[in-house]
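Have a look at the structure below, then the notes.
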Amino acid sequence: MAETQKISVLAIEDEPEIRKFLAAALVSNGFSPAFALTGREGLAHLKARVPEILILDLGLPDMDGLEIIKSLRGWSDIPVIILSARGQEQDKIAALELGADDYLTKPFSTGELLARLKAALRRARRAVAPAAGTFTAHGLSFDAQNRAVKVDGNEIRLTPTEFRLLALLVKHAGKIVTHKQLLQEVWGKSSAENNHYLRIYTQHLRQKLGDDPLHPRFIITAPGVGYKLNA
Ligand code: CA
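Start counting the sequence shown at 13; every next residue gets the next number (my numbering).
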C-alpha cells in the first residue's frame, strides 16, 4: 500500500506551549504541520504555499488574527480553525462572520482538535461538488427547489420562516452560523438584535424535526455563538 499523503497544516500561533502541543498532536496523527509565530510570517507562508487547513490564533503579537482571515478569504477557501482565549467571544464571532470555519477555546484537548480538523476537511472536500439545492445527512433530506423536507422519509411541514432558517443552516451545513447572520438573513437587517426570534423559531424547528437539543441529531447549539447543522 502506498504511504498516505500527509495533510499540510499551517498554525499561526505565538505561544510556545500551544505550538508544542499542536506539533505533538498533529505529527502523531498524520498531519504535516508548519508554524508561523507572527501574523506577518503567517501571511508570507500562506502566499508562498497554501496549506490544506489553517489553525489561527486570534491574539497575535503584530496583528489581529481577523486581518489574516480577511486577507486570506480574498484568494482562498481553505478551512480556518480559530484558536481563541476565554473572553474573546466577540472576536470569535467576528472571525466566523469573516469566513472562519470553526473555533477552539483554549485550553483544548487533542481529541477536540482532531475532531474539528477532520470535520472541516470533510466539509471542504464535499464542497467541491455540492448537489444543487439538496442536502441529505443523518436521515434529514432537504430539497430547496421542491421546498421539501423529510426526516427518515416522512415529510415535515414547515412555515416559510422555519424553512428559511433551515435553508440557511443547510447552506452552511457543518459550519457554525452566528446568531447575527441567522437573524439578518432570515428576518432582515433590522432584526439583528432580536435574539429571542431565533430562540423561538429554532425551538419550533427542532420540535418539527423531532430533534432533541440535549442530544441533537440535526441542529447543534454553539452556546453564545450560533447554530450549526450536523453534516
Ligand atoms: Ca496569542
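All C-beta atoms, glycine included, are put in the ideal place defined by N, C-alpha and C.
Please give me, in chain order, every unbroken run of the beta strand (DSSP E) with length at least 3 that falls completely inside the segment 36-86. 43-48 and 65-69
Looking at C-alpha atoms only, which residue of Gln102, Arg52 and Ser96 is the closest neighbour of Glu79? Arg52
For ligand 1, list every residue whose C-beta falls under 7 Å from any of its heavy atoms, going in chain order. Glu25, Asp26, Glu27, Asp69, Gly71 and Leu72
Taking just the CA atoms, how far does Pro63 sit from Val21? 5 Å
In chain order, what residues of the same chain have a beta carbon less than 8 Å from the beta carbon of Ser203, not counting five sequence neighbours either side? Leu195, Gln196 and Tyr209
CA-to-CA distance, Asn242 to Ile232, given in whole angstroms: 7 Å
If you scan the segment 98-141 from start to end, which runs of the alpha helix (DSSP H) of 4 or more residues do you find wholly inside it? 101-109 and 122-138
Output the distance between the C-alpha atoms of Gln17 and Gln157, rounded to the nearest integer angstrom. 39 Å
For Pro142 and Leu108, I'd like the C-alpha separation in whole angstroms. Summary for Pro142: the model assigns pLDDT 47, below 50, so the residue's position carries little reliability, and this model does not support an answer.
Given this structure, state the Cα-to-Cα distance separating Lys104 from Gly222, to the nearest angstrom. 30 Å
Measure the C-alpha to C-alpha separation of Ala106 and Lys162 and round it to an integer number of angstroms. 33 Å
In three-state terms, what does DSSP make of Val92? strand
Cα-Cα separation between Ser88 and Leu58, rounded to whole angstroms: 9 Å
Delimiting residues of the beta strand (DSSP E) encompassing Lys187: That residue, Lys187, is in no beta strand (DSSP E); it is neither H nor E in DSSP.
Given a cut-off of 7 Å on the beta-carbon distance, is the pair Leu66 and Ile90 in contact? yes
Whole-angstrom Cβ separation of Leu95 and Leu70, contact assumed at under 8 Å? 7 Å
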